[in-house]
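Residue numbers (our numbering): 215 to 355.
Idealized CB from N, CA, C, for every residue including glycine.
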């Protein structure tokens with residue numbers, strides 16, 4: 215699917231998909247739309263942030279849902295322990311880095327699995343993702 219041709223809707227879809235388990239390229243879509251100058255930059259940043267944040271919250275919810283069947287105390291896989299240790303140490307503030315590729319998804323999943331506050335998780339995710347999209351957008355102005 216050519217997300218760039220869909221404008222801001224494509225940006226939202228790309229940002230949402232990029233923030234779930236599936237890989238995506240919302241930064242490239244945002245950069246393209248910024249260079250096309252068809253929408254205000256603040257609108258593009260807001261749409262990308264909203265889509266990416268909702269995707270991260272979906273991952274958070276999947277973690278919370280998974281914890282009902284598989285409590286964190288029963289998981290001994292090393293690939294999960296890294297995210298868990300970061301979340302245990304930093305709490306919701308670790309979610310400021312939820313925008314990082316691969317690691318960010320794990321942080322959101324672990325935060326849900328460990329049942330961190332949804333409201334504080336939302337706040338940290340939103341701040342981190344907004345700052346990242348601002349940096350990307352203004353790099354292409």
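Legend entry - Local conformation of residue 221 per DSSP, three classes: As a working note, residue 221 is residue 7 in the chain shown. Three-state result, residue 221: helix.
Legend entry - Three-state secondary structure assigned by DSSP to residue 350: Taking the chain shown and counting its residues from 1, the one referred to as residue 350 is at position 136. Here residue 350 sits in helix by DSSP.
Legend entry - residue 284 - DSSP class collapsed to helix/strand/coil: Taking the first residue of the chain shown as 1, we reach residue 284 at position 70. Here residue 284 sits in coil by DSSP.
Legend entry - Integer-rounded CB distance, given that residue 325 should sit under 8 Å from residue 301: Residue 301 sits at position 87 when you count from the first residue of the chain shown. Residue 325 sits at position 111 when you count from the first residue of the chain shown. That belief holds up - the Cβ atoms of residue 301 and residue 325 are roughly 5 Å apart, short of 8 Å.
Inset, instruction - Find the nearest neighbour of residue 244 within the set 226, 271 and 233, judged by alpha-carbon distance. - result: In the chain shown, the residue the question calls residue 244 occupies position 30. That would be 226, whose Cα lies nearest to the Cα of residue 244.
Inset, instruction - Work out the CA separation of residue 283 and residue 240 for me, nearest whole Å. - result: As a working note, residue 240 is residue 26 in the chain shown. As a working note, residue 283 is residue 69 in the chain shown. Cα to Cα, residue 240 sits roughly 32 Å from residue 283.
Legend entry - In chain order, each beta strand (DSSP E) run of at least 3 residues that lies wholly inside the segment 235-259: none
Inset, instruction - Measure the CB-CB distance between residue 270 and residue 329 and report whether it falls below 9 Å. - result: Counting from 1 along the chain shown, the entry for residue 270 is found at position 56. Counting from 1 along the chain shown, the entry for residue 329 is found at position 115. No, these two residues do not count as a Cβ contact at 9 Å.
Inset, instruction - Would you tell me roughly how many angstroms separate the C-alpha atoms of residue 318 and residue 311, rounded to the nearest one? - result: As a working mapping, residue 318 is identified with position 104 in the chain shown. As a working mapping, residue 311 is identified with position 97 in the chain shown. Their backbone Cα atoms lie some 6 Å apart in a straight line.
Inset, instruction - Determine the direct distance from the alpha carbon of residue 261 to that of residue 334, and round the result to whole angstroms. - result: Within the chain shown, the letter at position 120 stands for residue 334. Within the chain shown, the letter at position 47 stands for residue 261. Their Cα atoms are separated by approximately 21 Å.
Legend entry - Which of helix, strand or coil DSSP assigns to residue 232: Taking the first residue of the chain shown as 1, we reach residue 232 at position 18. Note: residue 232 maps to helix in three-state DSSP.
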